[in-house]
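The structure under discussion appears below in the form of structure tokens.
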Amino acid sequence: MTEVTKTPAAGDALPVKTGKRTNPLANVFDELVRFAQSRSLFMLHYCTGCGAIELPPAMTSRFDMERLGIQPMVSPRQADILLVTGYVSVKTLKRVILTYEQMNSPKYVIGICSCTVNGGMYWQSYATAKKLNDYMPVDIYIAGCMPRPEAVIAGLRGLIEDIRRGTADTWKDYYRRYDHYLGNQQRLFGEDWQTPTDVIAEARHYGLFGPGTLGERTALLERHQKPLEALEMKLDIPELMARRSGLGSKGRTEVK
Amino acid sequence: MSKDLSTWLDTLLNELQGIEVRRRSSRRIRVDVQPDALPALLELLRGRASYVHLSAISCVDWIDEGEFELVYHVWSYEIGSLVSAHTRIARDPGVYISVYDIYTPAAFFERDIHEMFGVFFEGSPDMSRFILTEWDGPPPMRKDFDSEAWVNAHFDFQDYQPDWLQEIEAKGGGVAVRPDEQRFSRRDLDAS
Ligand code: SF4
Chain A
703 MTEVTKTPAA
713 GDALPVKTGK
723 RTNPLANVFD
733 ELVRFAQSRS
743 LFMLHYCTGC
753 GAIELPPAMT
763 SRFDMERLGI
773 QPMVSPRQAD
783 ILLVTGYVSV
793 KTLKRVILTY
803 EQMNSPKYVI
813 GICSCTVNGG
823 MYWQSYATAK
833 KLNDYMPVDI
843 YIAGCMPRPE
853 AVIAGLRGLI
863 EDIRRGTADT
873 WKDYYRRYDH
883 YLGNQQRLFG
893 EDWQTPTDVI
903 AEARHYGLFG
913 PGTLGERTAL
923 LERHQKPLEA
933 LEMKLDIPEL
943 MARRSGLGSK
953 GRTEVK
Chain B
1088 MSKDLSTWLD
1098 TLLNELQGIE
1108 VRRRSSRRIR
1118 VDVQPDALPA
1128 LLELLRGRAS
1138 YVHLSAISCV
1148 DWIDEGEFEL
1158 VYHVWSYEIG
1168 SLVSAHTRIA
1178 RDPGVYISVY
1188 DIYTPAAFFE
1198 RDIHEMFGVF
1208 FEGSPDMSRF
1218 ILTEWDGPPP
1228 MRKDFDSEAW
1238 VNAHFDFQDY
1248 QPDWLQEIEA
1258 KGGGVAVRPD
1268 EQRFSRRDLD
1278 AS
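Which chain is which? The protein sequence lines are A and B, in order. Counting in our numbering, the first sequence runs from 703 upward without gaps. Counting in our numbering, the second sequence runs from 1088 upward without gaps.
See the structure below:
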């Protein structure tokens, strides 16, 4: 693993991990693992905008992305790819970030549609975020309004190729430069923005703690951070509660 | 029956003082009414004239005249026609009374207008945020809200990369943008 020693400035190339291991057997093993990874991807498609319309044909029998080993998955914890399809409103962006942070590494983000690249035709709208990679690292953008399924498949192939070569590691960027991403998030959501995921601790855990992980924005986060509390479960449906508590009891029951 | 009702309504509306009725077609009537008379008109339309369906309340910001125009669209299933009641209120302070007691669905339209235009409806059951739950700027549909300036203050744009286009054309889609290329953002440049 390459250690990052300084915060990369604008335009700097990322230290690319070319590190082949010295043991030839280990090399073969690594390659095998990467090949397996690239051929079995679970995809969480977060259908935020109209671009999602092109996904059903890409997924089903006509273009059939399952032949590439890509399958839809319903929960972020089990997904490898986060597919953001189209414009992301500020309100949705919060949810996308929460989803992204819950995914296990390695994780890949694909931005479909011009709207994720640059706001698309909503560039002037107060309600949509413009540049997805300001808020989370994006592996591949598939441009077009909307991109045809061929383009979607081509983009996915590009990602597969990157994973097989071992160059699809933009997710590490989120940990290494968390301060930058958090700053952009705070710019939209306010200083007291906080997510349930402790990204800094995860960065330490993955060994991806870089000089850009902490900074003035994370200091702000620490200042405003409230300890997480479990959500309160409250059921207040009188008929249901009456039925639950047996025929004998009458009236409203409240369960906390 | 419905023919009778419609004639009856026309006669009645023409009798009323202070409102202006224009029949646009056999199924559309436009009524211009003073703000203090609007609830009474709606009451009449709903109660006696069978206009039971409030399909929408729309709002127009006439910034030069300093007025908001509120348009209440009510529909009658019996007569099969739509009455649009137009009224204008002062833009400042932009307060009007709710018609929630006449038409219950008005609660949602009024909440929406409150959010988008900042018109406060007295007596509406809930004037809290509706769709823009994360919004803390000025009401965005007002004409004096400068969307572009707001966008420039809150977002950065990707830089134009001519080679991306060639790459797209060559590959048929899917551009890989490495994080070091993404690093550029207008704000960072401004800071340095
Ligand atoms: S790029 Fe076009 S198709 Fe895609 S989300 Fe934006 S407007 Fe919709």
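All residues carry an ideal CB built from backbone N, CA and C; glycine is no exception.
Cutoff 7 Å: residue i Cβ touching any chain A Cβ
i	result
B:F1204	no
B:F1207	no
B:Q1253	no
B:S1234	yes
B:P1227	yes
B:R1273	In this predicted model, B:R1273 has a pLDDT of only 46, less than 50, meaning its place in the structure is not dependable enough to derive any value.
B:D1243	yes
B:D1277	Legend: pLDDT at B:D1277 = 47, less than 50; position of this residue unreliable, value from coordinates given subsequently. With 7 Å as the cut-off, B:D1277 does not count as an interface residue toward chain A.
B:W1095	no
B:E1130	no
B:V1170	no
B:E1221	yes
B:W1162	no
B:V1238	yes
Residue-chain proximity (residue i, chain B), Cβ-Cβ < 7 Å
i	result
A:A845	yes
A:Y828	yes
A:V798	no
A:V811	no
A:V819	yes
A:V792	yes
A:T707	A caution first: A:T707 carries a pLDDT of 42, below 50, which makes its placement in the model too unreliable to give a value.
A:Q936	Correcting the residue type first, residue 936 of chain A is Lys in the shown sequence and not Gln. So no, A:K936 is outside the interface.
A:K928	no
Residue i to residue j span [Cα, whole Å]
i	j	result
A:S791	B:H1140	32 Å
B:P1226	B:I1184	19 Å
A:I842	A:N725	32 Å
A:E705	A:F911	Its pLDDT being 40, under 50, A:E705 is placed unreliably in this model, and the value from its coordinates should be taken loosely. Near 9 Å, if we compare the C-alpha coordinates of A:F911 and A:E705.
B:L1096	A:L785	56 Å
A:L884	A:T872	16 Å
A:E931	A:P898	10 Å
B:V1118	B:A1172	5 Å
A:P759	A:E803	28 Å
A:Y876	A:L937	38 Å
B:E1107	B:D1091	21 Å
B:F1217	B:H1241	22 Å
B:G1105	B:D1123	11 Å
A:G821	A:D864	26 Å
B:L1125	A:C817	43 Å
B:E1254	B:Q1248	10 Å
A:A903	A:T915	10 Å
B:V1120	B:E1102	13 Å
B:W1237	B:D1243	11 Å
A:V718	A:A870	With a pLDDT of 46 at A:V718, under the threshold of 50, the modelled position of that residue is not reliable, and the figure given next carries that caveat. The alpha-carbon atoms of A:V718 and A:A870 are separated by roughly 10 Å.
B:E1235	B:L1157	26 Å
A:E934	B:L1131	47 Å
A:L922	A:I799	18 Å
B:T1098	B:R1110	12 Å
N- and C-terminal bounds of the beta strand (DSSP E) containing residue i
i	result
A:C817	That residue, A:C817, is in no beta strand (DSSP E); its alpha helix (DSSP H) goes 816 to 820.
A:Y843	842 to 844
B:F1155	1154 to 1163
B:F1207	1207 to 1209
A:P774	772 to 774
B:E1107	1107 to 1112
B:Y1183	1182 to 1184
Limits of the alpha helix (DSSP H) - the one that residue i falls within
i	result
A:T897	That residue, A:T897, is in no alpha helix (DSSP H); it is neither H nor E in DSSP.
A:R741	Careful: A:R741 lies outside any alpha helix (DSSP H) and carries neither H nor E.
B:S1234	1234 to 1241
A:D864	851 to 867
A:I799	792 to 804
Across the stretch 813 to 833 of chain A and the stretch 915 to 934 of chain A, are there enough close Cβ pairs to call them in contact, namely three or more that are closer than 8 Å? Not touching, per the Cβ criterion.
Count the CB pairs spanning the stretch 739 to 759 of chain A and the stretch 768 to 779 of chain A that are closer than 8 Å, and state whether there are at least three. Contact between the stretch 739 to 759 of chain A and the stretch 768 to 779 of chain A is present, with at least three C-beta pairs closer than 8 Å.
List in chain order the residues whose CB is within less than 6 Å of at least one heavy atom of the ligand SF4. Counting every residue whose Cβ lies closer than 6 Å to a heavy atom of the ligand SF4, we get A:G751, A:C752, A:G753, A:G788, A:Y789, A:C815, A:S816, A:C817, A:G822, A:M823, A:C847, A:M848.
For the 8 Å Cβ check, are there 3 or more pairs between the stretch 1180 to 1195 of chain B and the stretch 1130 to 1149 of chain B? As far as the Cβ criterion goes, the stretch 1180 to 1195 of chain B touches the stretch 1130 to 1149 of chain B, which means the pair count is three or higher.
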